[in-house]
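**Q** Structure in structure tokens, see below.
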Amino acid sequence: MSEPVVGYIHSTESFGSVDGPGVRFVTFMQGCRMRCEFCHNPDTWNIGGGKKITSQELLEEALRYRAFWGKKGGVTVSGGEPLLQVDFLIDFFKRCKAMGIHTTLDSCGMPFTYDEPFFSKFEELLEYTDLILLDIKHIDDEQHKKLTAWTNKNILQLAEYLSEKGQPVWIRHVLVPERSDYDEYLERLSEFVAGLKNVLKFEVLPYHRLGVYKWKNLGIPYKLEHIEPPTKERVANANRILRTQEYKGYLEV
Ligand code: SF4
């Protein structure tokens, strides 16, 4: 194996249980260019920051927990936005796959482009990626821009590209009152996701306020101050419109 690649991480979680199948070692990469109003990790945004680590060092750290992964578990790389450090991901996942470890990428898709050099690198990354958790933050481009400060065009393109390739994905959608929690938007999202051929799971993540203190600590104004998490009824409504129960492929893997 060639020289390990250097990356910048925010933190790790030894026993993650929500970012992919089974028990997982989750790495939160440093750096993100989106600015989601509901972000609960604004401390990962700064691209120049984080802890420097090599892919081999991260692998060795992850391997300490291998005994807990069972058949389904493995490693997940999340963020921040991990695709901003695609060279590091390729090298880390390559090392993981050489050891038979299940790899999951948790991404908002923002860096995706068909332009080079990114696209070829992304293709290479897919060779070592078992599962992608892709966030679709808003189906409407104008609303997406307001909510995240970025277009959804290339993100939807990524979803379609992964569908064509048959790359397994879980789609995740944060349900935010006054932002994405409108039947019209949910219906459009439902239609879009139904057109994809590779969705093993479709999850509604109710907006929560657990990261608000971080915005305060960082001195960044928090625009959703007045918004409460969605009610149980609205979450059930979203699940019904999005037909999330029909995406059961993840149970078979
Ligand atoms: S993409 Fe993720 S890390 Fe980036 S701002 Fe949005 S929620 Fe936060």
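Residues in the sequence shown are numbered consecutively from -16, following my numbering.
Glycine included, C-beta positions come from ideal geometry on N, C-alpha and C.
Let's see if you can read the secondary structure: which residues bound the beta strand (DSSP E) around H209?
**A** No beta strand (DSSP E) holds H209; DSSP gives it neither H nor E.
**Q** CB-CB under 8 Å to E186, same chain, minus the five flanking residues each way: which ones, in chain order?
**A** Cβ neighbours of E186 beyond the five flanking positions: W153, I154, R155, H156 and T227.
**Q** Quick one: does the C-beta of D118 sit closer than 8 Å to a heavy atom of the ligand SF4?
**A** Result yes, Cβ under 8 Å from the ligand SF4.
**Q** What's the gap between the Cα of Q13 and the Cα of D164?
**A** Near 29 Å, if we compare the C-alpha coordinates of D164 and Q13.
**Q** Inspect the beta-carbon positions of K148 and N200 and report whether they are closer than 9 Å.
**A** Going by C-beta atoms, K148 is not nearer than 9 Å to N200.
**Q** What are the complete alpha helix (DSSP H) segments, minimum 4 residues, inside the region 133 to 198?
**A** You should have 136 to 148 and 166 to 177.
**Q** Let me know if S61 comes out buried or exposed under the rule of 16 or more other beta-carbons within 10 Å of its beta-carbon.
**A** It counts as buried.
**Q** Identify the residues that DSSP records as bridge partners of V218: which are they?
**A** DSSP lists no partner for V218.
**Q** Among R171, R162 and H209, which residue has its Cα nearest to the Cα of K129?
**A** Taking only the C-alpha atoms, the option nearest K129 is R162.
**Q** Just how far apart, CA to CA, sit I138 and C91?
**A** If you take the alpha carbons of I138 and C91, they lie about 7 Å apart.
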